[in-house]
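All remarks here apply to the structure that follows.
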Amino acid sequence: MSAPDENFDTVVVGGGVMGATVAVRLANAGQKVALLERGGLCMQASGVNAGTLSIQIKRAALIPYAMKGWELWRNPHEWLGADAGFNQVGGLTLAFTEDEAEMLTERMEARRQNGAPVEMIGLNRAREIEPGLSDKPLLASWCPMDGYANSYQLGDVFRAKLREVGVAVHEQTPVDRIVRPGSGPSRGNGYTAWSGDRHFTGKRLVLAGGVWLQELLWRDFGLHLPINCRVNQVSVTERMPPIVNTVLGIATSLLTLKQSRNGTILIGGGWQGKGDPERGGYEILPENLVGNLRLATYVVPALREARIVRTWLGVEGNTADVMPLVGDVPGAPDAYIIGCVRGGYTIGPYMGKLLAQYILGQEPEMPLFDPARAVMAETDTTAQATHDTLSA
Amino acid sequence: MSAEGQNFDVAVLGAGPAGAEAAIAAREAGLTVTLIDEQSRAGGQIWRAPFFQPEQEEIRKSPDLADGERMRERLANSGAKTLFGHRLWFAAPSLSLSTVAADGPHWMSARAFVIAAGTTERIVPMPGVTLPGVVGLAATTILLKAHGVIPGGRVLVAGVGPLVYSVAAGICQAGGSVAAVVDLSRPSEWLAHLPALAGRPDLLWRGLKWAFALKTAGVPMRFGHTVTAIEGDTRVKSARIARVDASWQPLEQIEQIDVSCVSIGHGLTPATETARLIGVPHSFQAALGGFVPELHADRATALPGVYIAGDCAGISGAAAAQLSGRLAGIRAAFDLGALDAVEFERRAGPVRAALKRADRFGQAISSLMTVRPGLAQAMPRETVVCRCEDVTRAEIDRAVLAGACDVNQLKSTTRCGMGPCQGRICSEAAGDLVAIASSRTRTCAGQWTARAPLRPLTVSELVGAYEYDDIPKITPLPG
Ligand SMILES: Cc1cc2nc3c(=O)[nH]c(=O)nc-3n(C[C@H](O)[C@H](O)[C@H](O)COP(=O)(O)OP(=O)(O)OC[C@H]3O[C@@H](n4cnc5c(N)ncnc54)[C@H](O)[C@@H]3O)c2cc1C
Ligand SMILES: Cc1cc2nc3c(=O)[nH]c(=O)nc-3n(C[C@H](O)[C@H](O)[C@H](O)COP(=O)(O)OP(=O)(O)OC[C@H]3O[C@@H](n4cnc5c(N)ncnc54)[C@H](O)[C@@H]3O)c2cc1C
């Protein structure tokens, strides 16, 4: 026996920062929205990331979006309700070798041209800004907008906001298939998402499944859209007296480091662990923890005295061109994708805003990122067939 | 830099009764063995080697010390490579292990891994539990037997199980002063376990000697009582005690006792972090002390090459720990092909039988110590549950009300368990409170996801000396 069907204007699959912002915005515009999440809200990438909200480390093409995302983090009231620990402390990116200095100068110039307020500075100025810095960097870039927020708090804050705006939030609700009701000529509009024997029907569907988008698109739409799964390691120290003021990074982007208000120091930088979409991150690579910490102590020698209390993994997805997917599900009317945004914690809230504008029939403030470009030509006929059987 | 190091047939974590015996058994089968322990000598908790020359006749002649010396000698003669002062901080399912010692990080790999990590002391918090002068019951045994130190002034010894009496008698014998003994169990509950205890007349006899020592010293006894609050401004001044009902819910407040120290403990919880990190499934069994690994025959697990021995698989005491370690060592040797089926049965058979008997005794004691729900239910709202992050019961209740339904969600909401003790001290209390507040089972409240490092690690220990070029460079993603 299945539960009675409930009808929504939009069903959102995936309760990370992308899905949650879209849901809040659509509900604010008067839609009846369901948000279905396999685990807890923001317990995947959006709740375990390093929390860096820095402008200068974003790809040049995404700088305008990152600036808008940053604005949203600074003014969380309309989309998030409460503050999730936003702290603008400024950030430095460091180069240690001539090659790195060249790369840093080049990249920062491109980002500056796209609006990032970055400035190239020497070691002395960098050490005035960040007295804990070692004497090793040759060159630094400085961006006063950079900062961070506490990612582990995001789920709680969103849960309250989603309740407030009337989104039907279903956690612990894995969507195991999505079908279009009816069959053949009688096929109706909209989509039904099934989770066990529960189902949720919406006129529209938003896929915000993070790194699991590849699986969702293949299983339910027969679309082959390759997503590269990255398994990032992040570590945190016990509470320490203040030793770092700013958000620190390096030219090769293999380090992010900052000290939260509570004194703990977060260390990341995209060092990889073992994992895949099926199992998530399942095993850290100890030698990568050592490598990450060596870089961190190379930058801030006082870190040597800190104790690491936890290292964890999070999975995020990248497309082949490492650019976002925000737009239509190719070939499926009223179905949308949002995800694969590098630096998506920073930029996610804005991408959510753009997609909501698009869904609501408004002109998005900035261009979307059409997923069609990333779909591989060879659609598999067997997957398409399964899809049709299921919808029968 | 790579994470490759020496390779062994068998690696054993923990040099307590279980791990030491596993190492010896695997060596007897001709395998190469390494034994890892963060302590400086073998012995584990019960057979902890003293750092001093005991003066008192009673301590010098204590059977634990003698058993420990015997085991240390057998281990030394076994040819196992011991790595003392090594903290294991990561174990991968491929059985590559990462430790740190005074000289920096070490890497090793093994074909079989026996986890014998022992237990963690459990204290159900009450107001004042974080005051200086409050010490764990099991921790007090370390002070007494390893350091010859007695808690200062008038000590209230409280909690549940035989450690209450061992500690109280130990303090008296060492010349200290015990203000009172407060035991959650009633004499009738002790008597109900007599048939099981009768299987170990030596231990029963030891228990009677403790009781006699306390009687001689004129120590007041409160059975079926608990400590409801510990009071003082900057350190312990007094404790309140109350009678409890059958679920250990305190009844009326009956007594305030002036004391300068409180030694308190509510049994032991299996130290499962290593087994969970490596991926062995666990399930909740209150009578065994909490979440325990799911064991297959002869201490094997769902993970190929991983075996679990001793109290970290469920509280069963030292005798059972030693036997289960032996069984795990023999089984690992068989699985690695070092013993044929006949020889394996010849060695394992008697150990299985003896382990069954020892488990019966150990689990009888353990069931006496099973924490009953009344203690957590009655915990006042202002009680600090997570002492690293200062999280009170009221905050935990609030988080559950706001939607947290397991301990991992609780953690991100309140930071409960995020501090330097890595959640070891508060995990059980936090899990019980989440279960109570959400009206769900303890199984649903779950366990904190095990994370590396298994022990807090100082960054300098891990990074060692290095140059910039020693750091592997990875091609950066496009800018
Ligand atoms: C370790 C790490 C560190 C990072 N650091 C930073 C940083 O410092 N700064 C920054 O800006 N960005 C950072 N990022 C990137 C950022 O976290 C992500 O881009 C962003 O959180 C992605 O959000 P999302 O909503 O697309 O994905 P997710 O947060 O992964 O959410 C997707 C959700 O969909 C759910 N889901 C999937 N399939 C189903 C299904 N079938 N049914 C129901 N639910 C489903 C999942 O359970 C998940 O909760 C980091 C990422 C990681 C992993
Ligand atoms: C503090 C304390 C005191 C106790 N005192 C008594 C007592 O006096 N009498 C009694 O009958 N029972 C006592 N017990 C119960 C006792 O633990 C068991 O009966 C018995 O010692 C169990 O043996 P075991 O080999 O399973 O574990 P243990 O003896 O606990 O041995 C486990 C060993 O593993 C090591 N270890 C664990 N994790 C790591 C790691 N990550 N890296 C390196 N090393 C690690 C520990 O250092 C320890 O030496 C005590 C328990 C505790 C916690």
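The listed protein sequences derive, respectively, from chains H and P. Each step along the first sequence adds one to the number in this note's numbering, with nothing skipped, and position 171 is 171. To convert, take the position in the second sequence, counting from 1, and add 1000; that gives this note's numbering. Just so it is clear, CB atoms sit at the ideal spot from N, CA and C, and this is done for glycine as well.
Taking CB distances under 8 Å as the criterion, tell me whether residue i reaches chain P.
i         : result
Glu305(H) : yes
Asp156(H) : yes
Ala60(H)  : yes
Phe86(H)  : no
Ser253(H) : yes
Val231(H) : no
Thr105(H) : no
Gly275(H) : no
Pro131(H) : no
Thr297(H) : yes
Thr93(H)  : no
I'd like to know if residue i contacts chain H, where contact means its C-beta is closer than 8 Å to some C-beta of that chain.
i          : result
Pro1472(P) : yes
Pro1476(P) : yes
Gly1085(P) : no
Pro1453(P) : yes
Ser1002(P) : Annotation note: pLDDT 43 at Ser1002(P) (below 50); position unreliable, coordinate value reported separately. Interface residue, yes.
Leu1457(P) : yes
Gly1403(P) : yes
Gly1479(P) : yes
Helix, strand or coil, according to DSSP, for residue i in the structure here?
i          : result
Met120(H)  : strand
Val12(H)   : strand
Gln1422(P) : coil
Phe1052(P) : coil
Ala1174(P) : coil
Arg261(H)  : coil
Pro1250(P) : strand
Thr97(H)   : coil
His1147(P) : helix
Phe1361(P) : helix
Glu1273(P) : helix
Gly280(H)  : strand
Phe1344(P) : helix
Ala1286(P) : helix
Leu1156(P) : strand
Asp156(H)  : helix
Leu285(H)  : coil
Phe1212(P) : helix
Tyr1466(P) : coil
Tell me, to the nearest whole angstrom, how far the beta carbon of residue i is from that of residue j; I am working on the premise that it is less than 8 Å.
i          : j          : result
Ala1011(P) : Ile1036(P) : 7 Å
Gly166(H)  : Ala27(H)   : 6 Å
Phe458(H)  : Val329(H)  : For residue 458(H) there is no data in the structure shown, the boundaries of chain H being 1 and 392.
Leu266(H)  : Val300(H)  : Their Cβ separation, rounded to whole angstroms, is 12 Å, which puts Leu266(H) and Val300(H) out of contact at 8 Å.
Looking only at its own chain, which residues have a Cβ that is under 8 Å from the Cβ of residue i, when we skip the five neighbours before and after it?
i          : result
His1086(P) : Ile1036, Asp1037, Glu1038, Thr1099, Val1100, Ala1101, His1106
Phe1113(P) : Val1010, Ala1011, Val1012, Leu1013, Ala1091, Leu1095, Leu1097, Ile1278, Gly1305, Val1306, Tyr1307
Asp135(H)  : Leu123, Arg127
Leaving out the 5 sequence neighbours to the left and right, which residues in its chain are closer than 6 Å to residue i when beta-carbon positions are compared?
i          : result
Ala1354(P) : Leu1323
Thr1120(P) : Thr1269, Ala1271, Arg1424
Ala1404(P) : Leu1410, Thr1413
Arg1347(P) : Ile1330
Lys1356(P) : none
Please go through the same chain and pick out, in chain order, the residues whose beta-carbon is closer than 7 Å to the beta-carbon of residue i, but skip the five residues on each side of it.
i          : result
Arg342(H)  : Arg59, Asn318, Val322
Pro64(H)   : Asn114, Gly115, Met366
Ala1376(P) : Val1124, Ala1429, Asp1432, Leu1433, Ile1436
Met103(H)  : Ala251
**Message:** Three or more C-beta pairs under 8 Å: does that hold for the segment 1119 to 1128 of chain P against the segment 1371 to 1386 of chain P?
**Reply:** yes
**Message:** Quick check: the segment 246 to 266 of chain H against the segment 1467 to 1478 of chain P, are at least 3 beta-carbon pairs closer than 8 Å?
**Reply:** yes
**Prompt:** Do the segment 237 to 250 of chain H and the segment 270 to 277 of chain H touch if we need at least three Cβ pairs shorter than 8 Å?
**Reply:** no
**Item:** Meets three-Cβ-pair contact criterion under 8 Å: the segment 1446 to 1454 of chain P and the segment 1134 to 1150 of chain P
**Value:** no
**Asked** Is the segment 340 to 359 of chain H close to the segment 45 to 65 of chain H, with three or more CB pairs under 8 Å?
**Response** yes
**Request:** Evaluate the contact criterion for the segment 365 to 375 of chain H versus the segment 95 to 111 of chain H: three or more CB pairs, one atom per stretch, below 8 Å.
**Result:** no
**Asked** Is the number of C-beta pairs between the segment 1356 to 1371 of chain P and the segment 1192 to 1208 of chain P that are closer than 8 Å three or more?
**Response** yes
**Asked** Just checking, does the segment 143 to 161 of chain H make contact with the segment 1387 to 1394 of chain P on the three C-beta pairs under 8 Å criterion?
**Response** no
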